[in-house]
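Sequence lines, in order, name chains C and G.
Converting from the first sequence to our numbering requires adding 34 to each position, the first position being numbered 1.
Converting from the second sequence to our numbering requires adding 34 to each position, the first position being numbered 1.
We put the beta carbon where it would ideally sit given N, CA and C, even for glycine.
All values reported here derive from a predicted model rather than from experimental measurement.
Report on the following structure.
There are 2 protein chains.
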Amino acid sequence: MAAKGKSIKEFFHNRGLKCTPQRLAVLSILEESPKHLSIQEIHRRVKKILPDTGLATIYRTLEILVDLGLVLRVHQGDECQNYVMAPLGHQHPLVCTDCGKVLDFAECPMEDVAQRITEQTGFSVEKHFVQLFGKCRQCQAPL
Amino acid sequence: MAAKGKSIKEFFHNRGLKCTPQRLAVLSILEESPKHLSIQEIHRRVKKILPDTGLATIYRTLEILVDLGLVLRVHQGDECQNYVMAPLGHQHPLVCTDCGKVLDFAECPMEDVAQRITEQTGFSVEKHFVQLFGKCRQCQAPL
DNA sequence: GTTGGTGCAAACGCTTTGCATCCAT
DNA sequence: ATGGATGCAAAGCGTTTGCACCAAC
Chain C
35 MAAKGKSIKE
45 FFHNRGLKCT
55 PQRLAVLSIL
65 EESPKHLSIQ
75 EIHRRVKKIL
85 PDTGLATIYR
95 TLEILVDLGL
105 VLRVHQGDEC
115 QNYVMAPLGH
125 QHPLVCTDCG
135 KVLDFAECPM
145 EDVAQRITEQ
155 TGFSVEKHFV
165 QLFGKCRQCQ
175 APL
Chain G
35 MAAKGKSIKE
45 FFHNRGLKCT
55 PQRLAVLSIL
65 EESPKHLSIQ
75 EIHRRVKKIL
85 PDTGLATIYR
95 TLEILVDLGL
105 VLRVHQGDEC
115 QNYVMAPLGH
125 QHPLVCTDCG
135 KVLDFAECPM
145 EDVAQRITEQ
155 TGFSVEKHFV
165 QLFGKCRQCQ
175 APL
């Protein structure tokens with residue numbers, strides 16, 4: 035996180051994109067949030083830092099960040115517009131259904147499964163989408 | 035599928051719901067489709083059988099069918115309003131990104147993973163959402 | 001005969017778009 | 001300086017809702 039400022043800037047520049055305060059704000063908000071956020075919530079938080087930010091900018095920014103692979107879109111039942119920072123390696127979200135917090139787990143059993151599916155059905159698996167839901171340690175604890 | 039007509043009817047009645055031609059039409063369309071369908075596509079097909087069917091009915095019907103667990107909502111990238119018949123046992127969809135066809139695979143490695151996650155993090159996994167994407171045998175074949 | 005279901009059309013709300021302005025480079 | 005990014009407001013469009021009528025029970 036320390037040298038992130040510079041590398042992010044380069045990251046944008048290398049792709050012919052500008053590094054704007056709005057984009058940095060969205061990134062920093064997602065980075066600091068343990069749970070996925072809705073577009074509305076992201077907008078609300080960005081406006082605390084940059085009060086004039088329009089909702090359209092949030093939409094445009096998130097689209098770019100998802101394209102860049104920095105941010106992940108999370109689908110949960112009816113809720114299809116939630117976003118989290120993309121984990122660095124290959125990981126999957128572990129979403130707490132109580133508090134909405136998101137952990138990650140790196141272990142991925144899908145490679146093996148994919149292999150077997152290809153052998154059995156001829157279907158070649160190219161990607162997978164996995165999300166786990168449950169209760170985090172705190173939310174399990176009696177209050 | 036033979037004695038389905040009667041059991042479906044009872045299925046609705048047992049829940050205080052009526053068994054209408056529109057609901058049966060949606061079910062039969064989903065049953066006969068190997069791939070998931072969008073709301074618009076379902077509407078189009080229902081109208082071939084019942085020309086006066088309104089779009090609102092499709093929305094209302096799908097919501098009920100999903101609640102009943104008969105139908106599954108599929109999320110694929112930006113497309114969040116696609117529906118397939120729910121597989122009977124515990125299965126996961128295998129979606130072909132070319133033709134949209136959906137196969138199922140019953141093998142589920144998640145139980146083991148869930149166990150290990152609980153041991154390592156204290157997070158208790160209650161459910162999981164898994165979708166695989168790739169190319170089915172036909173779509174891999176050279177044309 | 002009841003009551004839930006349907007069709008229609010209007011309302012709604014989220015998302016996208018056009019355009020003038022601004023600012024990162 | 002200049003082209004991409006932003007803010008604003010309007011347009012667009014998928015989804016939901018209200019209500020009168022209809023049909024399953």
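Quick test of your reading: L137/C and V105/C, contact by CB under 8 Å. State the CB separation rounded to the nearest angstrom. Not confirmed; about 17 Å, so no contact.
Taking C-beta pairs closer than 8 Å, name the residues in chain C that T54/G reaches, listed in chain order. None at all; the shortest Cβ gap to chain C is about 24 Å.
Can you tell me where the alpha helix (DSSP H) with S67/G in it begins and where it stops? Unbroken run through S67/G: none, as it is neither H nor E.
Closest to A148/G by C-alpha separation, out of Q154/G, V159/G, E141/G, F139/G, would be which residue? V159/G
In the DSSP assignment, find the alpha helix (DSSP H) that holds D146/C and state where it starts and stops. 144–155
Measuring CB to CB, does Y117/G end up less than 9 Å from L99/G? yes
Give the straight-line distance between the Cα atoms of E44/C and F163/C, rounded to the nearest whole angstrom. 30 Å
C-beta contact flag for P143/G and P143/C at 9 Å: yes
Just confirm the distance between the C-beta atoms of F157/G and C170/C, as a whole number of angstroms; I'd bet it's less than 8 Å. 5 Å
Going by DSSP, what residues sit across from C133/G in a beta bridge? Beta-bridge pairing links C133/G to no other residue.
Proximity to L58/G [Cα-Cα], best of K161/G, S41/G, S72/G: S41/G
Using a Cβ-Cβ cut-off of 8 Å (strictly less than) and excluding sequence neighbours within five positions of F139/G, which residues of its own chain qualify? Q125, H126, L128, L166
9 Å is my cut-off, CB to CB: does K161/C come that close to chain G? yes
When you compare the CB positions of I135/C and K69/C, do they come within less than 9 Å of one another, or not? Here residue 135/C turns out to be Lys, not Ile, going by the sequence shown. Result yes, Cβ atoms of K135/C and K69/C sit closer than 9 Å.
List, in order along the chain, the chain G residues whose C-beta lies closer than 7 Å to that of R171/C? G156, F157
How would you list, in chain order, the residues of chain C whose beta-carbon sits under 8 Å from the beta-carbon of C133/G? By Cβ distance, chain C contributes nothing, its closest Cβ being about 12 Å from C133/G, past 8 Å.
Starting from the C-beta of M35/G, find all residues in its chain whose C-beta is less than 6 Å away, skip the five residues before and the five after it, and write them out in chain order. Confidence is the limiting factor: at M35/G the pLDDT is only 47, short of 50, which leaves the residue's position unreliable, though a coordinate-based value still follows. Closer than 6 Å at Cβ, skipping near neighbours: no residue.
Does the beta carbon of V164/G come closer than 9 Å to any beta carbon on chain C? yes
Starting from Y117/C, follow its DSSP beta bridges and name the residues at the other end. L71/C, R107/C
Indicate whether at least one CB of chain G lies closer than 9 Å to the CB of F167/C. yes
Spatial neighbours of A120/G within its chain, please: CB distance less than 8 Å, with the 5 preceding and 5 following residues excluded, ordered by chain position. G103, L104, V105, L106
Under 9 Å, Cβ to Cβ, is there at least one residue of chain G near L128/C? yes
If we cut at 9 Å on Cβ distances, does V80/G have a partner in chain C? no
What separation, rounded to the nearest whole angstrom, lies between the Cα atoms of R150/C and K161/C? 14 Å
By the DSSP assignment, the beta strand (DSSP E) with E160/C in it spans what residues? 158–169
Closer than 9 Å, CB to CB, is Q174/G near chain C or not? yes
Roughly how many whole angstroms lie between the Cα atoms of D112/G and E153/C? 30 Å
Would you list, in chain order, the members of the segment 95–119 of chain C that have their beta-carbon closer than 7 Å to a beta-carbon of chain G? H109, C114
Taking V147/C as the query, report the chain G residues whose CB atoms sit under 7 Å from its CB, ordered along the chain. E141, P143
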